[in-house]
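Chemist:
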Amino acid sequence: MNLDIKGKRALVCAASKGLGRACALALAEDGAALTIVARQRDALETAAEEIRAATGAAVQTVAADVTTAEGRALALAACPTPDILVNNAGGPPPGDFRDWTREDWIAALDASMLAPIEMIKATVDAMMARKFGRIVNITSSSVKAPIDVLGLSNGARSGLTGFVAGLARKTVGRNVTINNLLPGSFATDRLSATLQAAASMSGRTFETVEAEWRSRTPAGRFGDPMEFGRACAFLCSAHAGYITGQNLLLDGGAYPGTF
Ligand code: NAD
Numbered sequence: 043m044n045l046d047i048k049g050k051r052a053l054v055c056a057a058s059k060g061l062g063r064a065c066a067l068a069l070a071e072d073g074a075a076l077t078i079v080a081r082q083r084d085a086l087e088t089a090a091e092e093i094r095a096a097t098g099a100a101v102q103t104v105a106a107d108v109t110t111a112e113g114r115a116l117a118l119a120a121c122p123t124p125d126i127l128v129n130n131a132g133g134p135p136p137g138d139f140r141d142w143t144r145e146d147w148i149a150a151l152d153a154s155m156l157a158p159i160e161m162i163k164a165t166v167d168a169m170m171a172r173k174f175g176r177i178v179n180i181t182s183s184s185v186k187a188p189i190d191v192l193g194l195s196n197g198a199r200s201g202l203t204g205f206v207a208g209l210a211r212k213t214v215g216r217n218v219t220i221n222n223l224l225p226g227s228f229a230t231d232r233l234s235a236t237l238q239a240a241a242s243m244s245g246r247t248f249e250t251v252e253a254e255w256r257s258r259t260p261a262g263r264f265g266d267p268m269e270f271g272r273a274c275a276f277l278c279s280a281h282a283g284y285i286t287g288q289n290l291l292l293d294g295g296a297y298p299g300t301f
């Protein structure tokens with residue numbers, strides 16, 4: 043399918059690795075012009091080079107932390123009027139709520155709730171004026187079904203979800219959609235770190251926990267990041283203008299509910 047996003051400007055946050063990189067690559071495959079952001083310059087340049095080589099797309103890079111005001115300003119200076127915005131950042135660390143201080147909670151809210159809201163605030167009005175915009179927030183399946191070691195994520199991401207539910211109904215009349223993509227278990231560095239934490243906290247081996255997580259996913263495997271990237275690209279396509287305010291699980295059937 044032609045996604046009809048050739049030449050659209052896409053700003054993809056936290057895109058040197060994992061799910062963000064896969065979203066950037068999938069958007070580039072369909073002709074979007076990319077600005078990709080991540081903290082580490084080396085990994086970012088490597089990702090940009092790989093995406094250019096694979097797609098021929100224009101890719102500009104911004105080495106910045108999108109959870110800080112300074113980092114967001116750098117990203118927006120490079121791409122002030124994106125047509126497509128993918129909000130993403132590293133997730134909050136795992137742990138036990140008894141150990142978390144107010145500062146830990148504020149950091150989680152800054153990264154997983156307030157940073158994407160600030161990015162939306164900075165870009166959505168111009169999208170509405172141009173009558174095209176696609177915003178995708180990478181959140182987590184933890185919004186639908188909490189993950190015990192990820193209490194900071196369970197809480198902070200729910201705040202973003204509630205905000206987006208309201209705003210998405212106000213922008214769609216101008217062909218600006220806002221949706222959340224909820225990854226289950228995708229084979230990325232982040233998943234390895236989460237599995238390691240779950241293993242340490244339960245006193246089991248990494249291999250035992252990995253096999254358990256894999257087997258309790260009805261698909262019987264972890265997701266391929268490009269499966270996620272291509273779902274994101276579809277939501278950013280010209281054809282997805284009637285989908286807004288949704289929380290779309292990509293989890294290989296792991297969520298057990300009917301709705
Ligand atoms: P990853 O660790 O593989 O990649 C994270 C990317 O984000 C890297 O490019 C890193 O450089 C960049 N990054 C991190 N923090 C940043 C910041 N503050 N500013 C700019 N760039 C930053 O992680 P992933 O698996 O791709 O996960 C992406 C998001 O999805 C995370 O929030 C994660 O919690 C969430 N998630 C992932 C899974 C999964 O199975 N992989 C499941 C649920 C939720």
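Add 42 to the 1-based position in the sequence shown for our numbering, that's all there is to it.
Positions of the beta carbon are idealized from the N, C-alpha and C atoms, including for glycine.
All values reported here derive from a predicted model rather than from experimental measurement.
Nearest to Ala120 by alpha carbon, out of Val79, Ala68, Glu160 and Pro267?
Modeler: Val79
Chemist: So who's on the other strand from Leu127, going by DSSP bridges?
Modeler: Leu53 and Ile177
Chemist: Kindly indicate which residue of Ser234, Leu67 and Pro134 has the alpha-carbon position closest to the one of Gly98.
Modeler: Of the listed residues, the one whose Cα sits closest to Gly98 is Leu67.
Chemist: Let me know if Pro136 comes out buried or exposed under the rule of 16 or more other beta-carbons within 10 Å of its beta-carbon.
Modeler: The residue is buried, with at least 16 neighbouring Cβ atoms inside 10 Å.
Chemist: In the DSSP assignment, the beta strand (DSSP E) including Leu225 goes from what residue to what residue?
Modeler: The amino acid occupying residue 225 in the given sequence is Pro; Leu does not appear at that position. It spans Val218 to Pro225 - the beta strand (DSSP E) in which Pro225 sits, taken as one unbroken run.
Chemist: Round the Cβ separation of Phe270 and Phe301 to the nearest angstrom and send it over; I've been treating them as touching at under 8 Å.
Modeler: Rounded, the Cβ-Cβ distance is 22 Å, inconsistent with contact.
Chemist: For Met155 and Val178, what's the separation of their Cα atoms in angstroms?
Modeler: 13 Å
Chemist: Measuring alpha carbon to alpha carbon, tell me which of Leu116, Val104, Cys65 and Ala115 ends up nearest Ile93.
Modeler: Cys65
Chemist: Evaluate Ser183 with the Cβ neighbour count: other Cβ atoms within 10 Å of its Cβ, from every protein chain shown; 16 or more gives buried, anything less gives exposed.
Modeler: buried
Chemist: Any heavy atom of the ligand NAD inside 8 Å of the beta-carbon of Leu233?
Modeler: yes
Chemist: Along the chain, where does the beta strand (DSSP E) containing Ile78 start, and where does it finish?
Modeler: Here the beta strand (DSSP E) through Ile78 covers Ala75 to Ala80.
Chemist: Across the stretch 140-159 and the stretch 246-256, are there enough close Cβ pairs to call them in contact, namely three or more that are closer than 8 Å?
Modeler: Output reads no: the stretch 246-256 does not touch the stretch 140-159.
Chemist: According to DSSP, is Asn196 part of a helix, a strand, or is it coil?
Modeler: helix
Chemist: Quick check: does the Cβ of Thr88 come within less than 8 Å of any heavy atom belonging to the ligand NAD?
Modeler: no
Chemist: State the beta-bridge partners of Gly265 as determined by DSSP.
Modeler: Phe228
Chemist: Look at Leu292 and Ala275 and say whether their C-beta atoms are less than 9 Å apart.
Modeler: no
Chemist: Output the boundary residues of the beta strand (DSSP E) element that contains Ala105.
Modeler: Val101 to Ala105
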